Each structure stands twice: as C-alpha cells, then as structure tokens.
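If you use the numbering used here, the sequence shown closes out at 440, no skipped numbers anywhere.
Each residue gets a CB set at the ideal place from its N, CA and C atoms; glycine is no exception.
Just so we're clear, the structure is a prediction, and the values are computed from it rather than from any experiment.
To start, the structure itself, in structure tokens.
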Amino acid sequence: MAEPGYTVLARKYRPAKFADLVGQPHVVKALSNAINTNRVAQAFLFTGSRGTGKTSSARILASALNCLERKPGEFEPCGKCASCRDIARSEDLDVVEMDAASNSRVDDVRERLESVETRPARGKFRIFIIDEVHMLSTSAFNALLKTIEEPPPHVKFILATTNPEKIPETILSRCQRYDFRRVTLSEIVAWLEAICAKENLQPKDGVLRAVAEMAEGGMRDALGKVDQLVAFSGAKPGLEDAERVFGLIGRAKLLELLTALAGGDARAGILFAEEVFDSGKDVAEVLASLVGLARTLLLVAAGGADTRGIDVPENELPALRQVAQAYGIHGLVYLAELLTDCRQRVRRAAFPRVLVETTLVKLSMVGRLEPLEALLARLDEVSDAPVSEVINNITPAARERSPQEPKPAQNAPATGGSERPLSAREKTALDAVKRQFGAT
Ligand SMILES: Nc1ncnc2c1ncn2[C@@H]1O[C@H](COP(=O)(O)OP(=O)(O)O)[C@@H](O)[C@H]1O
Ligand SMILES: [Mg+2]
Ligand SMILES: [Zn+2]
Numbered sequence: 001m002a003e004p005g006y007t008v009l010a011r012k013y014r015p016a017k018f019a020d021l022v023g024q025p026h027v028v029k030a031l032s033n034a035i036n037t038n039r040v041a042q043a044f045l046f047t048g049s050r051g052t053g054k055t056s057s058a059r060i061l062a063s064a065l066n067c068l069e070r071k072p073g074e075f076e077p078c079g080k081c082a083s084c085r086d087i088a089r090s091e092d093l094d095v096v097e098m099d100a101a102s103n104s105r106v107d108d109v110r111e112r113l114e115s116v117e118t119r120p121a122r123g124k125f126r127i128f129i130i131d132e133v134h135m136l137s138t139s140a141f142n143a144l145l146k147t148i149e150e151p152p153p154h155v156k157f158i159l160a161t162t163n164p165e166k167i168p169e170t171i172l173s174r175c176q177r178y179d180f181r182r183v184t185l186s187e188i189v190a191w192l193e194a195i196c197a198k199e200n201l202q203p204k205d206g207v208l209r210a211v212a213e214m215a216e217g218g219m220r221d222a223l224g225k226v227d228q229l230v231a232f233s234g235a236k237p238g239l240e241d242a243e244r245v246f247g248l249i250g251r252a253k254l255l256e257l258l259t260a261l262a263g264g265d266a267r268a269g270i271l272f273a274e275e276v277f278d279s280g281k282d283v284a285e286v287l288a289s290l291v292g293l294a295r296t297l298l299l300v301a302a303g304g305a306d307t308r309g310i311d312v313p314e315n316e317l318p319a320l321r322q323v324a325q326a327y328g329i330h331g332l333v334y335l336a337e338l339l340t341d342c343r344q345r346v347r348r349a350a351f352p353r354v355l356v357e358t359t360l361v362k363l364s365m366v367g368r369l370e371p372l373e374a375l376l377a378r379l380d381e382v383s384d385a386p387v388s389e390v391i392n393n394i395t396p397a398a399r400e401r402s403p404q405e406p407k408p409a410q411n412a413p414a415t416g417g418s419e420r421p422l423s424a425r426e427k428t429a430l431d432a433v434k435r436q437f438g439a440t
C-alpha cells in the first residue's frame, strides 16, 4: 500500500521533545519540574490508552536525563547530541527498551536486568523502559520487583501500560504514576491539520474531524487513518472518500435516522440496519459514530444555550437541538445506554444483525416511554395507598420493623437460595424513587 521508503506519519512525527507532546500538559509540567529541580523518581509508570504518547514520553524523558548538551535549568533534550540521536533510534547502550508483550517470561526480564549494576556507558543513567509491562508473568514481575525495590542510584525505570489494573500492588507502590489522557477531538484535529500542511495534503472540509472522531483520543490511530485515506484517495481526500474507505456513515444521515426513530418510525431502524449490513460497512464503527452522536445530543440537551464542549460545526446545531428535544433528556439517556451496550456486544454477538435491529426498534419506542416519576405520580392517583408508603414497606428498614412478615426471599422465585441483592439498575431506580418520596 505504502510506497517504498515511505515512513508512516505516526513514526515520522513521533514527538522528540516535551513541547511536541499534544494534550498531556499535566505530564509535561510534572516531568519538566522534576528534571529542572533534579528530583527525578527512580521508577515511573505511564498509563493510558493506546497512542496517547506513553512510549514517546518514556524516550523523551530518557533523552532529557542523559542528554549531553542539556544545561542546568533546562528540561528539554537537545535532540542533536550523540545520546539523543541514539535514543531516538532505539540504539543507545544506556537505554534498554523491552517490550513485555513479546518478552513476558522471567528469563527475559532477568536477561535484561543482568546489567543493572553496570555503570552507564556514556550518560548519567542506565534507563530501563518496559513497554506493555502488564504482560509480564508473575515470576517476571517478582524478578522486576527485586530490582525496583532497591535499584542502584544510576538506574531509572520507566514502565508503560494500557492496563494498570493488571500490575501488582507491590510494583505500583514503587512507581510514580502518570495517567495519559485521551487526546481531545479538537487537539487531534489541530495536530492533523499541522501535519497535513507540512505534508502538502489538502483534505476537504470535515475530513480530519471524521478521522479524529474515529480515533477516540488516540493520536497514533488518527495518523494511521490519514495514511490509509491518502493511500486510497490521494492528497485531497473528501468526506465521501473517508466514508467509503472507513465504511462510515455521515452525521447528516445518522441524524436523519435518529429523527425518524424519535418519531416512532421502527421501519427506519430496520432499513438502516439492512443498509449497514448489506453494504459491508463496519457495524462497530457505525455504532461508535451513533454513540458519539448520542453523547453530543446529551450535551446539547443538558447545556441549553451553552455550547461549550460540543464538538460539532455551528451550522449543525439547530438540527441537533431538534432531535434532542424530540427525545427529551430521559429518552437521550436511554438512547445512549442502549447504543453503548449494543456497540459493546456487537462484535461478539452470534447474530449481530438482530442485535442492531432490536436496538434500533427499541429506540423507536422511546417516545412512548414515560419517565419513572410520571409513572409513579399516575400510580399514586389510582392506588389507595400513596406509593411512598408502598415503597417504605419494601425497604430493609421497614422489614426489620415488622418481623412477623415473611421474608421476601421466601416468596421470591428461586434465585439461588439466599436473598437476591438488588442489581445496579434496581438500586438506581429505588434510590430515585426514595428521593422522590423522601423515604430513607
Ligand atoms: N500526545 C501525543 N502527541 C503527539 N503525537 C502523539 C501523541 N501520542 C501519540 N502520538 C503519535 O502516535 C505515535 C505513537 O505514540 P506512542 O508514544 O508510541 O503511544 P503509546 O505508547 O501511548 O501507545 C507517535 O509516534 C506519535 O506520532
Ligand atoms: Mg507504546
Ligand atoms: Zn541531547
């Protein structure tokens, strides 16, 4: 696909200085302070989703620590000295990079760490960068722990991972942790614009935004998509090209669907599913776009005239407002929940098409659903006892007050013998009801 000698954009534009790192100002500030004041921890943990700058930052930090030209009070690596150049090429003797995804065994770790006692060859420090560190086996973690507990003073560790929850507490507690955040849509768009200008690429209106939306906060993904798009459509790709290459459906069309569904048109949902499946589009991507749109609609509904944080072109706002109004805030919450759930399940679903169809049909019924409060108010009207009393009677406190009553578990259908705990959904509903009626 790529021409010979073509360097993919994500590699060509790997940040070499802290100043080039987009969207992680908290990380840059803390690291630069530490370097400036010579209070650099012995072990770091960089966490965050893929393509947000963890590996790049590990190399920048390593370069800064070992840069031969950096003056006191400066924190950026010079990028030109022998040490900076070798680190950028991953060829430096003092910086040991290890990918735990492909070297997860204890022997791999022992082999790499054999040299910890060795003095650095050129720089001030020997720096061990362990990428995807959560992949290490238990015994490999133990081997690492031994060194990380008391490393020689000339050693620094930089661990990076997308899954910090898989890292043992013993390791976590030795590390200074930095959480890399997803890069925002507008930051990605701005960065892509800058790179396209340098590369003489002229994507048409809306293209970079569509690409950035797909990347979900990952800069590497965003750049990869630009590569892909340009390979297929040349230097001036239009929105139709992006929609074709990535199997996307434009926002106008998605809004049209949601408008129809809000009006109770179930058939529109079925036809949409048919189009998505028959045209071979990536269903998960389409659902991701719908989830993104649902989120925007929620922001529109919740914010009123305040459009901060709403990342769509100004001229699309009126249409969005109309749809948001048609659903109402309750309907939108339900919409977002259903779509998110559908999107999470669709790749593994045995019958993805049925899943998508039923989800869309459910969405066409939202208009007919009443919010909980309205239902309860109506119940109150028709029942003899106020609903608040009924609710009170089923709360645990009420049961304790009247021990002669049979325990609900005995009447309830068998759910494994003991009393069934409330599901999260039931708890939320119950809490809402209690709040509404002042029950405790
Ligand atoms: N915060 C960022 N700012 C600018 N470019 C980034 C950023 N994060 C990632 N990139 C781009 O993505 C590529 C891969 O980034 P990398 O640091 O390896 O991400 P991670 O280790 O978090 O998966 C980089 O070469 C760069 O082109
Ligand atoms: Mg990485
Ligand atoms: Zn340097």
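- Query: Is the beta carbon of Ala324 sitting closer than 8 Å to the one on Leu332?
  - Reply: Working through the sequence shown from its first residue, we reach residue 324 at position 324. Working through the sequence shown from its first residue, we reach residue 332 at position 332. Closer than 8 Å, so yes.
- Pick out the complete alpha helix (DSSP H) segments inside the region 72 to 123, 4 residues or longer, and give them in chain order. Fully enclosed alpha helix (DSSP H) runs of 4 or longer: 82 to 88, 106 to 113.
- Message: Can you tell me whether Tyr6 is buried or exposed? The criterion is at least 16 other CB atoms within 10 Å of its CB, across all chains shown.
- Response: As a working mapping, residue 6 is identified with position 6 in the sequence shown. Exposed, because fewer than 16 other Cβ atoms sit within 10 Å of the Cβ of Tyr6.
- Message: On the criterion of 16 or more Cβ atoms from any shown chain inside 10 Å, does Ser57 qualify as buried, or is it exposed?
- Response: Sequence index remark: in the sequence shown, residue 57 carries index 57 (1-based). The C-beta of Ser57 has 16 or more other C-beta atoms within 10 Å across all chains shown, which makes the residue buried.
- Do we get a CB-CB distance below 8 Å when we pair Asn38 with the residues of chain B? The displayed structure is made up of one protein chain only, and chain B is not part of it.
- Query: Would the beta-carbon of Val183 fall within 8 Å of that of Gly23?
  - Reply: On the sequence shown, residue 183 is found 183 positions in, with the first residue counted as 1. On the sequence shown, residue 23 is found 23 positions in, with the first residue counted as 1. Contact annotation: Val183 and Gly23 have beta-carbon atoms nearer than 8 Å.
- What does a CB cutoff of less than 7 Å around Leu192 pick up in its chain, not counting 5 residues either side in sequence? In the sequence shown, residue 192 corresponds to position 192, counting from 1. Sequence-distant Cβ neighbours of Leu192 in its own chain, meaning closer than 7 Å and more than five residues away, are Leu208, Val211, Ala212, Ala222, Val226.
- Query: Do the region 79 to 89 and the region 33 to 46 meet, that is, are 3 or more Cβ pairs less than 8 Å apart?
  - Reply: Using a Cβ-Cβ distance cut-off of 8 Å, the region 79 to 89 and the region 33 to 46 are not in contact, since fewer than three pairs of beta carbons, one from each stretch, lie closer than that value.
- Message: Determine whether the beta carbon atoms of Ile129 and Glu97 lie at a separation below 8 Å.
- Response: Locating residue 129 in the sequence shown gives position 129, where the first residue counts as 1. Locating residue 97 in the sequence shown gives position 97, where the first residue counts as 1. Contact: yes.
- Task: Tell me whether the beta-carbon of Leu136 lies closer than 8 Å to the beta-carbon of Ala100.
- Result: As a first step, residue 136 must be located in the sequence shown, where it is residue number 136. As a first step, residue 100 must be located in the sequence shown, where it is residue number 100. Against a cut-off of 8 Å, the Cβ pair of Ala100 and Leu136 comes out as a contact.
- Mapping DSSP to helix, strand and coil, what is Lys362? Within the sequence shown, residue 362 is the residue found at index 362, counting from 1. DSSP, read as helix, strand or coil, puts Lys362 in helix.
- Message: Could you check whether the region 353 to 366 touches the region 244 to 261, counting it as contact only if at least three pairs of C-beta atoms, one from each stretch, sit closer than 8 Å?
- Response: With a cut-off of 8 Å, the region 244 to 261 and the region 353 to 366 count as touching, because enough Cβ pairs lie within range.
- Message: Output needed for Val291: all residues of its chain with C-beta closer than 8 Å, excluding positions within five of it in sequence on either side, in chain order.
- Response: Along the sequence shown, read from residue 1 onward, the residue named residue 291 stands at position 291. Sequence-distant partners of Val291 (beyond 5 residues in either direction) whose C-beta falls short of 8 Å from its own C-beta, in its chain, are Ala336, Leu339, Thr340, Arg343.
- Task: Compare the Cα-Cα distances from Gln345 to each of Leu287, Ala319, Leu379, Gly304 and report the closest residue.
- Result: Residue 345 sits at position 345 when you count from the first residue of the sequence shown. In the sequence under discussion, the amino acid at residue 345 is Arg, which differs from the Gln named in the question. Selected option, being the one with the closest Cα: Leu287.
- Message: By DSSP's criteria, Leu172 is part of a beta bridge. Which residues make up the other side?
- Response: To locate residue 172, count along the sequence shown from 1; it is residue 172. Beta-bridge pairing links Leu172 to no other residue.
- Message: When you compare the CB positions of Val441 and Ser139, do they come within less than 8 Å of one another, or not?
- Response: Missing from the structure shown is residue 441; the chain here goes from 1 to 440 and no further.
- Where does Thr415 sit, in a helix, a strand or coil, going by DSSP? In the sequence shown, residue 415 corresponds to position 415, counting from 1. Low confidence applies here, because Thr415 scores a pLDDT of 40, under 50, leaving its location unreliable; read the following figure in that light. Three-state DSSP puts Thr415 in coil, outside helix and strand.
- Chain-ordered list of residues that sit, by beta carbon, closer than 6 Å to a heavy atom of ligand 2: Residues with a Cβ closer than 6 Å to any heavy atom of ligand 2, in chain order: Lys54, Thr55, Asp131, Ala160.
- Bridge partner(s) assigned by DSSP for Phe125: Within the sequence shown, numbered from 1, the residue matching residue 125 stands at position 125. In DSSP, Phe125 forms no bridge with anything.
- Item | Asp380 versus Pro421: straight-line alpha-carbon distance, rounded | Taking the first residue of the sequence shown as 1, we reach residue 380 at position 380. Taking the first residue of the sequence shown as 1, we reach residue 421 at position 421. A direct Cα-Cα distance of roughly 27 Å separates Asp380 from Pro421.
- Reference Ala301, options Gly280, Tyr327, Pro313, closest by Cα: Along the sequence shown, read from residue 1 onward, the residue named residue 301 stands at position 301. Measuring from the Cα of Ala301, the nearest candidate turns out to be Tyr327.
- Query: If we ignore side chains and look at the alpha-carbon of each, how far apart do Asp179 and Lys29 end up?
  - Reply: Stepping through the sequence shown from its first residue, residue 179 is reached at position 179. Stepping through the sequence shown from its first residue, residue 29 is reached at position 29. About 13 Å.
- Does ligand 1 have a heavy atom nearer than 7 Å to the CB of Arg220? Within the sequence shown, residue 220 is the residue found at index 220, counting from 1. It does: the Cβ of Arg220 is within 7 Å (strictly closer) of some heavy atom of ligand 1.
- Task: Quick one: using the 10 Å Cβ neighbour count with 16 as the cut-off for buried, is Leu31 buried or exposed?
- Result: Position 31 of the sequence shown, counted from the first residue, corresponds to residue 31. Classification for Leu31: buried.
- Task: Identify whether Ile130 lies in helix, strand or coil by the three-state DSSP scheme.
- Result: If you number the sequence shown from 1, residue 130 lands on position 130. Correct three-state label for Ile130: strand.
- Shortest alpha-carbon distance to Gly73 belongs to which of Cys67, Ala62, Asn36, Asn142? Translated into positions along the sequence shown, residue 73 becomes position 73. It is Asn36.
- Query: Can you name the residues that DSSP bridges to Asp179?
  - Reply: Working through the sequence shown from its first residue, we reach residue 179 at position 179. In the DSSP assignment, the residues bridged to Asp179 are Thr47.
- Task: Give every residue whose Cβ lies closer than 5 Å to any heavy atom of ligand 3, listed in chain order.
- Result: With the criterion CB distance below 5 Å from any heavy atom of ligand 3, the matching residues run Cys67, Glu69, Pro77, Cys78, Cys81, Cys84 along the chain.
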